[in-house]
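Participant: Let me begin by handing over the structure; questions about it come next.
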Amino acid sequence: MGIFDLETPESDPPAFLAIADESQYLLLITNHARAFRLPVNQLPESPVRSRGQRLVERLPFRPNERLAVVLPGQPNGYMALITERGHVRRMRYHFLGDNLRPGTLLFEPQELGAPAAACWTRGEEELFIATRQGKAIRFAEQRVPHSGCLGIRLDRDDTVVAVAPVQEESTVFLLSADGKGSLRQMAGFAANKAPGAGGKVALKTDQLVGAITTTDGDDIFVISKLGKIIRFQAVEVPAKEGTVQGVNCMTLRADETTALIAGRLG
């Protein structure tokens, strides 16, 4: 099931999904750790199978600069930003608000690695950081100092792919590149006392694509490398406390998933 919603060349596959109202803005962070704000109402509404619009033509990107994180703006809380090497920083929402200068440098990527994922938190939650090899760590966000710290110790050849805000009663949807997914209950995934430890297996997979916090009323959207997009209810996926391989969420043929998002529409 699903429709092919975006027409893109093979060299430029879909990489991000975001749910946002017209009144919101998108926070765009590049691999150079520079931040930009883009009002949603400045993006043209496009029909199915359109090519969309090249954001690099609207923003003053530098040579070899590309998007690393796309996140709808929020008027409160904190943003947790994770680098590909596992370092984490927290920033108050107002730092990324209306007065954000386009291209503001958030940190030095040469020291910590390029940005890999970000999420909004309320300031008193826990962070669930997941890696490409399907490992993850969970710890209280308040344990992250103002200057940041190592959030997860990575194995060789592994990298961070996602971060999500969680609590003890939360459920996280994990998706692999082959279209298999699982709802992992945090009640069965013990929290660490501090950040910086190695991860535990959260999903048995060769390539994890993403991880998002969900509730029973959420819809989950998944897009593939070839531009196929599907939508299904979170409650359709069995919730598990233990480690599993996941169930088939998206039928793929010579294709692989690239991004996902959860939310409520209407």
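Numbering (my numbering), first residue to last: -15 to 250. Quick reminder that beta carbons are idealized off the backbone N, C-alpha and C, glycines included.
#1: Based on Cα-Cα distance, which residue from Asn25, Glu6, Leu27 and Arg46 lies nearest to threonine 14?
#2: How about leucine 187 and proline 222: are their beta carbons less than 8 Å apart?
#3: Alpha carbon to alpha carbon, how far is isoleucine 136 from proline 44? Give it in angstroms, no decimals.
#4: What does a CB cutoff of less than 8 Å around aspartate 200 pick up in its chain, not counting 5 residues either side in sequence?
#5: Give the range of the alpha helix (DSSP H) segment to which leucine 22 is assigned.
#6: Quick one, are the C-beta atoms of alanine 102 and valine 53 less than 8 Å apart?
#7: By how many angstroms is the C-alpha of tyrosine 62 removed from the C-alpha of arginine 106?
#8: Excluding the five sequence neighbours on either side, which residues of its own chain have a C-beta within less than 8 Å of the C-beta of glycine 180, listed in chain order?
#9: Please report how far the alpha carbon of glutamine 169 lies from the alpha carbon of leucine 39, in whole angstroms.
#10: Can the beta-carbon of leucine 80 be found closer than 8 Å to that of arginine 18?
#11: Determine, using beta-carbon pairs with one atom in the region 154 to 166 and one in the region 224 to 243, whether at least three such pairs fall under 8 Å.
#12: Whose C-beta lies closer than 6 Å to the C-beta of threonine 143 among residues of the same chain, with five residues either side of it excluded?
#13: Looking only at its own chain, which residues have a Cβ that is under 6 Å from the Cβ of arginine 50, when we skip the five neighbours before and after it?
#14: Rounded to whole angstroms, how far is the Cβ of glycine 118 from the Cβ of threonine 189, which I believe are closer than 8 Å?
#15: Hey, how far is the Cα of methionine -15 from the Cα of threonine 235?
#16: Which stretch, first to last residue, makes up the alpha helix (DSSP H) that contains leucine 96?
#17: According to DSSP, simplified to helix, strand and coil, what is alanine 52?
#18: Beta-carbon within less than 7 Å of leucine 84's beta-carbon, same chain only, minus the 5 sequence neighbours each way: which residues are those?
#19: What would DSSP say about valine 147, mapped onto helix, strand or coil?
#20: Thinking just about the alpha-carbon of each residue, which of Met75, Thr(-8), Arg237 and Phe0 is nearest to the one in histidine 130?
#21: Quick test of your reading: leucine 159 and valine 206, contact by CB under 8 Å. State the CB separation rounded to the nearest angstrom.
#22: Can you tell which of Gln58, Gly226 and Val193 has the C-alpha that lies nearest to the C-alpha of leucine 1?
#23: For glutamine 126, name the three-state secondary structure that DSSP assigns.
#24: Mind checking lysine 177: buried by the 16 CB within 10 Å criterion, or exposed?
#25: Is phenylalanine 157 near alanine 98, with beta carbons less than 8 Å apart?
#26: Any Cβ of chain D within less than 8 Å of the Cβ of isoleucine 213?
#27: Can you give me the C-alpha to C-alpha distance between glycine 120 and glycine 183, rounded to a whole angstrom?
#28: Taking the continuous beta strand (DSSP E) assigned at phenylalanine 173, which residues delimit it?
Facilitator: This is what the structure gives:
#1: Arg46
#2: no
#3: 32 Å
#4: Ala218 and Val219
#5: Per DSSP, leucine 22 belongs to no alpha helix (DSSP H); it is in the beta strand (DSSP E), 18 to 23.
#6: yes
#7: 6 Å
#8: Cys133, Leu134, Gly135, Ile136 and Arg137
#9: 36 Å
#10: no
#11: yes
#12: Glu68 and Arg116
#13: Asn15
#14: 4 Å
#15: No answer about methionine -15 holds up, because its pLDDT of 46 lies below 50 and its placement is not dependable.
#16: 93 to 96
#17: strand
#18: Ala19 and Arg21
#19: strand
#20: Met75
#21: 6 Å
#22: Val193
#23: helix
#24: exposed
#25: no
#26: Of the protein chains in the structure, only one exists, and it is not chain D.
#27: Per the sequence presented here, residue 120 reads as alanine, with glycine not at that position. About 5 Å.
#28: Here phenylalanine 173 belongs to no beta strand (DSSP E), and DSSP marks it neither H nor E.
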